[in-house]
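In what follows, a single structure is set out as structure tokens and then discussed.
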Amino acid sequence: MKKIMLLTSAALFASNIAYAAELNLSRESLEKATGVSIGYNASWSSHYVWRGESQSSKDMSPAIGVDLGHSSGLYLGAWTGSITNGTHGAEFDVYAGYAFDLGPLSFDIGDLYYLYPGESNEVQFNEYYFSVGTEIPVKAIADDFSVSPYVYLAYAPKWFGANTPDAIYSEFGIEAPIPGTSLSLAYTYGNVDIDDLEGDAEKANDVDSWDYYYITLGFGDVLGLDTSITYHNAPGYSGDAGQEGFFISLGHEW
1405 MKKIMLLTSA ALFASNIAYA AELNLSRESL EKATGVSIGY NASWSSHYVW
1455 RGESQSSKDM SPAIGVDLGH SSGLYLGAWT GSITNGTHGA EFDVYAGYAF
1505 DLGPLSFDIG DLYYLYPGES NEVQFNEYYF SVGTEIPVKA IADDFSVSPY
1555 VYLAYAPKWF GANTPDAIYS EFGIEAPIPG TSLSLAYTYG NVDIDDLEGD
1605 AEKANDVDSW DYYYITLGFG DVLGLDTSIT YHNAPGYSGD AGQEGFFISL
1655 GHEW
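Residues in the sequence shown are numbered consecutively from 1405, following my numbering.
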């Protein structure tokens, strides 16, 4: 669910696009002239795992996305992917936010809405997120070596729709290149805490809190595709959707 930055208002966006069309500008020229950036992404995963929980019943999942951004830091995006968890056949996400830097720290604040086409409003839900990350040089290892830690927090007032409990997500991650290679190694640890899930009749048998972690080996660009392999585990998740395993991811942005 990658994000770029967007316009301050729909009116400004429309006027900038119209101006660009008149001048027949390329995407690069458009960004230079108006501050507007447009990006696309496509990916394939052998298994779609979201916060430690399987969303594709261990099946492969293709996905596509589009991002619009503005040099001010505002952004808007949409993403859709195939899922087979429960009765859902697809997931469609829309998000908007503001990304900015303060000194060495990079911040991101936004709103993300999860939709499941063909399903009732009972399973659609919204969450507000905040993240902060940085890059820390470690010259004791190599002059150009650095580690990139981040913290991500999110709050969903109604987890999976109306008349359901709220949820808090917290996640910490760190990534670093492997010196002398094109490889990278990343570790992610997170927690999902769902308020009073045992009081919800439809989800009474589900766990209401679990931890999860990922260990990812990135191979960089392989034949034009950003390639990685990830080990995942959710020790506190009792259902099949939280079983451990590996998945491969391929992606491309343009």
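We put the CB at the ideal spot given by N, CA and C, even for glycine.
Measuring straight from C-alpha to C-alpha, what distance separates residue i and residue j?
| i | j | result |
| --- | --- | --- |
| residue 1523 | residue 1458 | 19 Å |
| residue 1584 | residue 1541 | 16 Å |
| residue 1510 | residue 1554 | 9 Å |
| residue 1537 | residue 1494 | 30 Å |
| residue 1574 | residue 1432 | 36 Å |
| residue 1519 | residue 1445 | 19 Å |
| residue 1525 | residue 1563 | 11 Å |
| residue 1480 | residue 1434 | 17 Å |
| residue 1593 | residue 1617 | 4 Å |
| residue 1543 | residue 1461 | 43 Å |
| residue 1622 | residue 1653 | 9 Å |
| residue 1634 | residue 1451 | 10 Å |
| residue 1647 | residue 1619 | 15 Å |
| residue 1508 | residue 1475 | 18 Å |
| residue 1580 | residue 1587 | 9 Å |
| residue 1466 | residue 1488 | 12 Å |
| residue 1449 | residue 1548 | 31 Å |
| residue 1534 | residue 1463 | 30 Å |
| residue 1630 | residue 1655 | 5 Å |
| residue 1455 | residue 1517 | 16 Å |
Using the three-state DSSP reduction, which class does residue i fall into: helix, strand or coil?
| i | result |
| --- | --- |
| residue 1542 | coil |
| residue 1597 | strand |
| residue 1553 | strand |
| residue 1581 | strand |
| residue 1592 | strand |
| residue 1461 | coil |
| residue 1466 | strand |
| residue 1537 | strand |
What is the residue span of the beta strand (DSSP E) that residue i lies within?
| i | result |
| --- | --- |
| residue 1585 | Run containing residue 1585: none; DSSP gives neither H nor E here. |
| residue 1526 | It is not in any beta strand (DSSP E) - residue 1526 carries neither H nor E in the DSSP assignment. |
| residue 1509 | 1509-1519 |
| residue 1630 | 1629-1637 |
| residue 1700 | Given that the chain is displayed from residue 1405 to residue 1658, the structure contains no residue 1700 and the question cannot be resolved. |
| residue 1430 | Note, residue 1430: premise wrong, no beta strand (DSSP E); not H, not E. |
| residue 1640 | First-last for residue 1640: undefined, no H or E at that position. |
| residue 1657 | 1649-1657 |
Quick one: using the 10 Å Cβ neighbour count with 16 as the cut-off for buried, is residue i buried or exposed?
| i | result |
| --- | --- |
| residue 1657 | exposed |
| residue 1628 | exposed |
| residue 1649 | exposed |
| residue 1468 | exposed |
| residue 1569 | buried |
| residue 1582 | exposed |
| residue 1437 | exposed |
For a test of your reading of the model: does the CB of residue i fall under 7 Å from any non-hydrogen atom of the ligand ADP? Yes or no.
| i | result |
| --- | --- |
| residue 1444 | With respect to the ligand ADP, the structure offers nothing, as it holds no ligand at all. |
- Which runs of the beta strand (DSSP E) fall wholly inside the segment 1433-1459 and span at least 3 residues, in chain order? 1440-1449
- Pick out the complete beta strand (DSSP E) segments inside the segment 1472-1507, 3 residues or longer, and give them in chain order. 1478-1486, 1494-1506
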